[in-house]
């Protein structure tokens, strides 16, 4: 199977009724699909896999998530992401016969890992290479500006 470039994350906002949330990426094993939840805008936390049901097809799937029997509200966000383990299960030896399928599987695994890193980098604050700005300081300043703006708007 060739690994194509694809979306590696599905974001869903609750509506008080929906409990089945889809995604459109491939995952070779169930453990490659990870769910994160943000309640009322709080930082996202990883959801224990025992709390949802995963249905996985070759190129897509869905997660059924209904914590405590209550669907997610409009203040809650669910992120379904592909997180391929950063490991290499392939050990090719010199002078050993290797099937094309094994080579393709190894290449696909590396491609999935690269796509995953690329997706994470797309979500990062990028500082120009010539800047001396500390990204952590910039993020803190932006967060404080958002808080100050909200406080001003509430007055």
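Numbering (our numbering), first residue to last: 262 to 416. Ideal placement from N, C-alpha and C gives every residue a C-beta, glycine not left out.
Around residue 323, the same chain offers 281, 283, 316 as residues with beta carbons nearer than 6 Å, after the five sequence neighbours per side are excluded. Distance from the CA atom of residue 306 to the CA atom of residue 329, rounded to whole angstroms, is 17 Å.
A distance below 7 Å between beta-carbons, with the five flanking residues on each side excluded, links residue 344 to the following residues of its chain, in chain order: 293, 295, 377. Ranked by Cα distance from residue 311, the options 337, 300, 320, 327 are led by 327. The DSSP assignment places no complete run of the beta strand (DSSP E) inside the stretch 373 to 407 (cut-off: 3 residues).
By the neighbour-count criterion, in which 16 or more other beta carbons inside 10 Å mark a residue as buried, residue 320 falls on the exposed side.
Taking residue 303 as reference, the option from 337, 278, 285 with the minimal CA-CA separation is 337. Each residue's CA atom was taken as its position, placing residue 268 and residue 285 some 7 Å apart. With a contact defined as Cβ atoms closer than 8 Å, residue 332 and residue 277 qualify at about 6 Å. Scanning its chain for C-beta atoms nearer than 6 Å, with the 5 sequence neighbours on each side dropped, one finds around residue 396 the residues 386, 388, in chain order. In this structure residue 270 touches residue 340 by the C-beta definition: roughly 6 Å separates them, less than 8 Å. Going by DSSP, residue 270 is part of the beta strand (DSSP E) stretching over 270 to 274. The beta-bridge partner set that DSSP reports for residue 340 consists of 272, 297. Judged by their CB atoms, residue 334 and residue 325 are not nearer to each other than the 8 Å cut-off. Only buried fits residue 342, as 16 or more other CB atoms lie within 10 angstroms of its CB. Cα atoms of residue 413 and residue 405: separation of roughly 12 Å, rounded to the nearest angstrom.
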